[in-house]
Each structure stands twice: as structure tokens, then as C-alpha cells.
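Chains as they are written, first to last, in the working numbering: chain A, 4 to 283; chain B, 99 to 298. No residue lacks a Cβ here, since even glycine has one placed at the ideal position from N, Cα and C. From a predicted model like this one, the values you see are computed outputs, not experimental measurements. Comments concern the structure below.
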């Protein structure tokens, strides 16, 4: 299976461990990633906070590139990117006049024919049963709290993925691979996302609540499918401990890390030693 | 460019109807940062319904919002509350009435966008450097300047820092996209952006 690939800035930047993990995992599953040529940033929170047209134009340029290159589907493993791309696609589908204007702005015809998907949807496409068949190692001893955060399931009309209040797609996948995901309350509560630098106290507070709830429900690790969730829960964990005199010692995996381990890929190849909190 | 400030400006930007809100309070009940807000999300909606746009634009709350879309998702009247906060942020900058207490958050968003305009993709180190420098010039806070300084070496050791980021080939194009979107402050349909550029 070949699929268009939009890495986004985070995966080409400090979240390169996520990209290693996604690439290693999908290549073992026979999914060939074709990176979008000369993609640009989706604009993230800054664009939709400061300029509405820019918040559509930046993702639209990428959708136009994908169409030009004949990609039916584009994988964006970062939910911020995938949500912005999906939102732009919805807005453009509704309004033909705006679509022509945006096409002129981005110097490329954008029709909105390329579908956008997140990482979990690719695993679903491959098929959970097929993944189980190729798996060589049971994920015994892993009791993850699966954390969806905000933009994987919201807004539901735009992203159209899983149940927006009580998603379960990661749990189903990991259960099938031998892990014992826990039930907990903060699955879809936001971690503060891109506010890490500008509004640190918010991020520390939200992260502290999320980590505490995961531990209280018996989780011995967490699983995310978002580079910002990983930064806020893994990289900022020692700052959270400091601020709240807490003793969180929670390993935070990307979903592709655990699937990769089950497929027999080494932790090194998945970039796991690059995390800040590691299993001793 | 100045615009007449009224409810239409908000609704046009947010593509949603403010008067649909019947004040059930569900947006505020589910908001993860509501405790940090000086004016709650449902109260912001009420201010808009009462025509008090200036007060809503100056609220610190609109910059505390983490854009998690919970309010929009749960609204029983399908009001895009998060979209309204986006519109309020954009208008508050355009009309220079944004809460001074939120300067750092605003500075970050502006620095981020400027970084994209110049590089096409985020150059993380450049973002950190510019944000830290400008933030320090604004408030002369030494702790803020050195906060996270220890993260740098730790990230470098983990191979998470790129001294040279991969930039896009056609950076001029990105500049043109920005100029066109900024030309009419990201507003309206028709072809204002392109025309503005031709006239300039």
C-alpha cells in the first residue's frame, strides 16, 4: 500500500522520534510513505488565532500539492496538522467562491479531492487482525492509558473519527496485541497542546491532572498519537514534578512505538531511547 | 485597515451565529482552562449578544483558550464557540485592544507565524531565540529568559535539535500567500487579496 505523507514541522523537528517510529512501523506493515514534495507548515494554532484566511490557505496549499501529485490520501501523523488539513478541506467543499479565491492565493488549483487521515486510521486500513498476524511479540505487562487529547476526535463533524467523548480505537488495537489498556477519565482532555512555551503554567497544570488520573487508574505507561501530547507529558514531566512536588514516573509511548515493539522492531529503531522518561 | 466593529465582524469571521446561544453553560462546564479565565466562554457569548464586543475582545480569557474544541463539540445549538474565540483574538489584535497581561502568549503566536512566513516550515531554534529575545526586551524577566535553558543540551543529546532545519524550496511563494491573506486581514470572499497585491 502506498500513501501520501505529510510529516509536518514537529516530526521534522524535535519530535523526530515520532517520525522514526511511524516510518519503522509502517514499513514493516508494508505501507510505503510517499512524502509530499515541498510541503509547507499547516499554520497550527497561530494561523487560526490571527488570520482566518491564512488558516485555510496554508493547509490548502498542501492539499493542492497532494492533488497535483495524484495522491488519493494523505497521512498526517500530527493531529494538529491533520485537523487543520481536514478543516480546510471542509471549508473549501462548502464554498465554491472561497475555493477559487484560495486556489488563486496558493497558486494551485485546490479541489479537495485528497482525503486526509491520522495514524490510527492507517492501522485500521491495514487491519487490526493483519497486524496481529504479523506481530511476533505479545505486549504482556503493558497497562497503557490511551490518550487521545483534543484534535484526534474533535470537532467530530470535521475529523469524523471514533467517538468524540469516549474513543476506543487505540484500546482495541493494543488489546489485540496483548496489552491491558486501563479505563480512565482523561482520554480526551486537552494537555495544552502548542502552549508549551507561551503559557507553561497551563500546560503543567493540565499535564499534572492527566498523569495523575492515568496513574490512579493503574496505568503503568501512556500512549499518545500526537507530538505535542508527547512533549507536554514526557519532556515536561520533570517540570510538572517540580511544580507540583509530584513523583510521576510515567513512560509515554507513541502508538507506533507499542505496535512496533509487537512487530519485533527494536526500541532503538523506534526512537524510544530519545524519550525523556524511559523504562528502567 | 479598520473595520466597523460589530457582531457581524465576529460572525463573518467565525461562520457561526452568536444569537443561537441560549446560555446553557455547557461550553464553560467542559472547558479545561476555565479556572484561568476572567470571563467564562458562555459569558463571552452573552457579551457579544448584548453588543459589548470591546469588552469581549479585551478579555484575557480569549488568550487562555487552548483551542481544544470541547466547547464547539458539546454545544447543543452548534455554535462554534472556539471559532468565536479565534475571531475575537484576530479582532483584538487588529484593533489593538488585546489584554496587556497576555502579551507573551500573543508574542508567541506572532513569532510563530512570522517564522513560517520566512521559512515555510517551523525553524524551532529560530522560534525559541526570537521569542526569548523579544520576550526579554518586553518584560526584562531574567527567570523567563533562562527557563528551559537546561532542556537545550538534553534535547541535543537525544538528537532532538536540528541546528539547520529543512526549509521549503519555494519560500517566496509562502511570502506571497501570507501577503495575500494579510491584505484584507483574512476577511471576505471575492478577490480582495489578489487585487490588493496588484494595487500595491
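- Taken in chain order, the members of the stretch 255-269 of chain B whose beta-carbon sits within less than 7 Å of a beta-carbon on chain A are 256, 257, 258, 259, 260, 263, 264, 266, 267 and 268.
- Boundaries of the beta strand (DSSP E) around residue 147/A: 147-150.
- The three-state reading of DSSP puts residue 181/B in helix, counting H, G and I together.
- With contacts defined as CB atoms closer than 8 Å, residue 77/A and residue 86/A fail to qualify as a contacting pair.
- Not one beta carbon of chain B lies nearer than 8 Å to the beta carbon of residue 188/A.
- For a Cβ distance threshold of 8 Å, nothing in chain B lies close to residue 184/A: the least Cβ distance comes to about 22 Å.
- With fewer than 16 other Cβ atoms from the protein chains shown falling within 10 Å of its own Cβ, residue 33/A counts as exposed.
- If you look at residue 253/B, you'll find it in the alpha helix (DSSP H) that goes 249-255.
- Within the same chain, and ignoring the five residues on either side of residue 174/B in sequence, the residues whose Cβ sits closer than 7 Å to its Cβ are 122 and 124.
- Taking 9 Å as the Cβ-Cβ cut-off, the stretch 128-160 of chain A approaches chain B at 152, 153, 154, 156, 157, 158, 159 and 160, given in chain order.
- Contact with chain A is found for residue 131/B, since one of that chain's Cβ atoms lies less than 8 Å from the residue's Cβ.
- Interface annotation, residue 46/A: in contact with chain B, CB-CB separation under 8 Å.
- When rounded, the separation of the alpha-carbon atoms in residue 188/A and residue 211/B is 34 Å.
- For residue 123/A, there is no enclosing beta strand (DSSP E); the residue is found in the alpha helix (DSSP H) stretching over 122-129.
- It is roughly 10 Å from the alpha-carbon of residue 140/A to the alpha-carbon of residue 261/A.
- Look at residue 271/B: its C-beta is under 8 Å from a C-beta on chain A.
- An exposed status is given to residue 267/B, since fewer than 16 other beta-carbon atoms sit within 10 Å of its beta-carbon.
- Of all residues in the stretch 46-63 of chain A, only 46, 47, 48, 49, 50, 51, 52, 53, 54, 55, 56, 57, 58, 60 and 61 come within less than 8 Å of chain B when Cβ atoms are compared, listed by chain position.
- The three-state reading of DSSP puts residue 78/A in strand, counting E and B together.
- Between residue 177/B and residue 115/B, the gap from beta carbon to beta carbon is short of 8 Å.
- A Cβ of chain B is located within less than 8 Å of the beta carbon of residue 17/A.
- With a cutoff of 8 Å on beta-carbon distance, residue 188/B and residue 55/A are scored as near each other.
- Contact of residue 279/B with chain A by beta-carbon distance below 8 Å involves 54, 56, 57, 60 and 108.
- Setting aside the 5 residues that flank it on each side, residue 157/A is surrounded in the same chain by 167, each with a C-beta closer than 6 Å to its C-beta; the list follows chain order.
- Counting other Cβ atoms within 10 Å of its Cβ, residue 235/B stays below 16 and is therefore classed as exposed.
- Rounded to whole angstroms, the separation of the alpha carbons of residue 129/B and residue 169/B is 7 Å.
- Closest option to residue 75/A, judged by alpha-carbon separation, among 143/A, 204/A, 8/A and 23/A: 8/A.
- In this structure, residue 152/A sits near residue 232/A, with a CB-CB distance shorter than 8 Å.
- Within the model, the alpha-carbon separation for residue 250/A versus residue 215/A is close to 10 Å.
- Here the stretch 8-20 of chain A lies against the stretch 221-241 of chain A, with 3 or more beta-carbon pairs under 8 Å apart.
- Using a CB distance below 8 Å, the part of the stretch 205-234 of chain A facing chain B consists of 205 and 209, ordered along the chain.
- Around residue 196/A, the beta-carbon contacts reaching into chain B at under 9 Å are 164, 165 and 166.
- Between the stretch 217-227 of chain A and the stretch 189-201 of chain B, the count of C-beta pairs closer than 8 Å stays below three; the two stretches do not touch.
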